[in-house]
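Under our numbering, the sequence shown has 21 at position 21, and the numbering climbs by one with no breaks. Cβ atoms here follow ideal geometry from the backbone N, Cα and C, with glycine treated the same way. Worksheet: the structure to be examined is printed underneath.
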Amino acid sequence: WPDDSLTRAQFLTMLAKSIHDLDVTQSAPAGFKDVPADEWYYSYVNWGFEAGIVKGMDENTFAPNAKITREQMAVMLNNFAAYDGVILPEINPEVTFTDSERISTWAVEAVNMIVSAGIMGGYPEGDYQPQGTATRAEAATVIYKFITLRDSVYPDAPVN
Numbered sequence: 001w002p003d004d005s006l007t008r009a010q011f012l013t014m015l016a017k018s019i020h021d022l023d024v025t026q027s028a029p030a031g032f033k034d035v036p037a038d039e040w041y042y043s044y045v046n047w048g049f050e051a052g053i054v055k056g057m058d059e060n061t062f063a064p065n066a067k068i069t070r071e072q073m074a075v076m077l078n079n080f081a082a083y084d085g086v087i088l089p090e091i092n093p094e095v096t097f098t099d100s101e102r103i104s105t106w107a108v109e110a111v112n113m114i115v116s117a118g119i120m121g122g123y124p125e126g127d128y129q130p131q132g133t134a135t136r137a138e139a140a141t142v143i144y145k146f147i148t149l150r151d152s153v154y155p156d157a158p159v160n
């Protein structure tokens, strides 16, 4: 359902699958104790760590089944853009939110980049809800916007 939440592993997998023919099975193990080798997301988490898209909650845990927050989504998207070689444009450089002070320090730059590029936005009340749980609909929308942006800025680039 579109309004359901999604997990950190699910969103990372969605990012990986947006790259045509990406082989995540060759990535080195990230070493997270909560990412067992027999789980469906194992290779995706390893790829995301190796590619610099995710770091984990700390050096030993990734929290693959934790619901992804909006600020975590922005950080993954920003890191994914760098991995994919996409320079994000500043479409809305002066966007501010009523709850900007609630954005974690480690996420401020990524939130600003992703929002400024027009990939994510706030809510009608003027807030961003950085620790709010992202929905499946939001995840699909931001990935669609990212792919559309990537393909319009780099129309002749080979699909990975």
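In angstroms, rounded to a whole number, what distance separates the CA positions of residue i and residue j?
i    : j    : result
Y42  : E125 : 38 angstroms
Q131 : D21  : 33 angstroms
N46  : E101 : 32 angstroms
Y128 : S27  : 34 angstroms
Y123 : I19  : 29 angstroms
M120 : A74  : 8 angstroms
P36  : T105 : 30 angstroms
F32  : D38  : 13 angstroms
T98  : V111 : 14 angstroms
M57  : A66  : 10 angstroms
P2   : A139 : 9 angstroms
F11  : T141 : 12 angstroms
Pull the bridge partners of residue i from the DSSP assignment, please.
i    : result
T13  : For T13, which the question treats as bridged, DSSP gives no partner whatsoever.
S243 : The displayed coordinates of the chain run from 1 to 160. Any statement about residue 243 would go beyond what the structure contains.
K67  : T7
Going by beta carbon distance, what residues of the same chain come within less than 6 angstroms of residue i, once the five residues before and after it are set aside?
i   : result
A9  : Y41, P64
F80 : L15, I53
Whose C-beta lies closer than 8 angstroms to the C-beta of residue i among residues of the same chain, with five residues either side of it excluded?
i    : result
T55  : The amino acid at residue 55 is misidentified as Thr; the sequence shows Lys. Once the five neighbours on either side are set aside, the close Cβ partners of K55 are F49.
A16  : L22, V24, Y44, W47, G48
E109 : N78
What residues in its chain sit with their C-beta under 7 angstroms from that of residue i, if we drop five residues either side in the sequence?
i   : result
P29 : N46
V95 : V115, S116
Q72 : R8
R70 : Y128, Q129, P130, G132, A134
D34 : T61, F62, A63, P64
Y83 : A51, G52, I53
Considering just the uninterrupted stretch of the alpha helix (DSSP H) at residue i, what are its terminal residues?
i    : result
M161 : Nothing can be reported for residue 161: it is not among the residues displayed for the chain, which extend from 1 to 160.
Y128 : First-last for Y128: undefined, no H or E at that position.
E109 : 108-116
E50  : 42-50
Pair every Cβ in the stretch 135-151 with every Cβ in the stretch 71-89, then say whether three or more of these pairs are closer than 8 angstroms.
-> Yes: at least three Cβ pairs fall under 8 angstroms.
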